[in-house]
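Engineer: Numbered continuously in numbering that gives the first Met the number 0, the sequence shown closes out at residue 254.
Heads up, the beta-carbon is just placed ideally off N, CA and C, and yes, glycines get one too.
All values derive from a computational prediction rather than experimental measurement.
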Amino acid sequence: MATLILSGSVGANGKNDPADVAKVRDRLLELGYTRVDHCKTGRESDFILIIKLIQSMIQGSGKIDKGDGKLSLHGETHKWLAAQNAPAWVKVFGESGLGWQSTGDYAESNGGYATSWLLDRLKWTGMMYRAAALIGVSNAPPLWVRECSPKLAGKNPSGHKSHETGIDVDIRLPLLPPHTNDWFQLKGHNYTKLFHFEAAKVQCQMIKTHMQSKYIFFNDPRFTDDLRLTSFEPNHSEHYHVRIKPPARIDGVYR
Ligand SMILES: [Zn+2]
Numbered sequence: 000m001a002t003l004i005l006s007g008s009v010g011a012n013g014k015n016d017p018a019d020v021a022k023v024r025d026r027l028l029e030l031g032y033t034r035v036d037h038c039k040t041g042r043e044s045d046f047i048l049i050i051k052l053i054q055s056m057i058q059g060s061g062k063i064d065k066g067d068g069k070l071s072l073h074g075e076t077h078k079w080l081a082a083q084n085a086p087a088w089v090k091v092f093g094e095s096g097l098g099w100q101s102t103g104d105y106a107e108s109n110g111g112y113a114t115s116w117l118l119d120r121l122k123w124t125g126m127m128y129r130a131a132a133l134i135g136v137s138n139a140p141p142l143w144v145r146e147c148s149p150k151l152a153g154k155n156p157s158g159h160k161s162h163e164t165g166i167d168v169d170i171r172l173p174l175l176p177p178h179t180n181d182w183f184q185l186k187g188h189n190y191t192k193l194f195h196f197e198a199a200k201v202q203c204q205m206i207k208t209h210m211q212s213k214y215i216f217f218n219d220p221r222f223t224d225d226l227r228l229t230s231f232e233p234n235h236s237e238h239y240h241v242r243i244k245p246p247a248r249i250d251g252v253y254r
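Next up, the structure:
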């Protein structure tokens, strides 16, 4: 059972009892937030940034723009860090599973990481897509998973506007034979020539059903208007951008 018992608040304007700070730091390190490894006082900017990161992702924001950087005793942030399904920071770069594959053709430090929430749902969605495609789609490529969030979380140097908090992922479109194993960007987007419409339809259906997605940005009008699977957003004609919702919390021991 995940456990995080504290005596007071930590972080920005917190009481910051050294024993509490150490417990929170160790829990954050256990979850993969390596930025806090040097933190001892609870007032370090890296420590406060990671508290804000947690506060932003648990509110479903793709940017570090929520929260006050303070973990209040028995408050939401505290409960989430003690939770059985606390958001860990995990590597997606180079990984693959049934029905999905990281393309690995970008800088790992820039987009190779995400929350465990996202990775778990990719795994589940990939499996469900694989099963559905076996029955209904020929020459179905995997979900081509590209950039998520930076290794250290926070600002994404490649210029993505969100992607800071590990709940966003870009997925390249499936292509028709002979390009089943390619994921190149369709130039001057043409939805009829190389685009594997049937595979994309099942992919988006599975993402919508199994990924607890908040939205899928993808601009093919058949997907936005007829199928109502995706929403229009500028610059999303050549990939899907998926943002997930936080899960329901499964409480651990926090008091
Ligand atoms: Zn994106």
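1) So what does DSSP say about K69, is it helix, strand or coil?
2) Give every residue whose Cβ lies closer than 5 Å to any heavy atom of ligand 1, listed in chain order.
3) Would you identify the three-state DSSP class for L142, choosing helix, strand or coil?
4) Does DSSP classify K22 as helix, strand or coil?
5) For F194, which beta-bridge partners are listed by DSSP?
6) Please classify Q58: is it buried, with 16 or more other beta-carbons within 10 angstroms of its beta-carbon, or exposed?
7) Per the DSSP calculation, W99 is bridged to which residue(s)?
8) Check the Cβ-Cβ distances between Q58 and every residue of chain D, and say whether any is below 8 Å.
9) When the Cβ atoms of the stretch 47-63 are set against those of the stretch 218-229, are three or more pairs found closer than 8 Å?
10) Please state if the CB of H238 and the CB of D169 are separated by a distance shorter than 8 Å.
11) Between G61 and E197, how many whole angstroms is the CB-CB distance? I'm expecting something under 8 Å.
12) What are the boundary residues of the beta strand (DSSP E) that includes I243?
13) Return the chain-ordered list of same chain residues with a C-beta closer than 6 Å to the C-beta of V20, the five sequence neighbours on each side being excluded.
14) Cutting at 7 Å between CB atoms, please list the residues of its own chain near K22, excluding the five before and the five after it.
15) To the nearest angstrom, how far is the alpha carbon of A247 from that of L117?
16) Confirm, please, whether the CB-CB distance from P177 to H195 is below 8 Å.
17) Taking the beta strand (DSSP E) that I215 belongs to, which residues open and close that run?
18) Just curious, the beta strand (DSSP E) that K78 is in, first and last residue?
19) Tell me which same chain residues have a C-beta within less than 7 Å of the C-beta of K78, skipping the five on either side of it?
20) If you follow the alpha helix (DSSP H) that Y128 is part of, which residue opens it and which one closes it?
Structural biologist: Put simply:
1) strand
2) D169, H240
3) strand
4) helix
5) L174
6) exposed
7) G96, L142
8) In summary, chain D is missing from the structure at hand, where a single protein chain is found.
9) no
10) yes
11) With 8 Å as the limit, G61 and E197 do not qualify as a contact, their Cβ atoms being about 30 Å apart.
12) 238-243
13) V9, G41
14) L3, L5
15) 14 Å
16) no
17) 212-216
18) Premise fails: K78 lies in the alpha helix (DSSP H), 75-81, not in any beta strand (DSSP E).
19) R248, D250, Y253
20) 115-135
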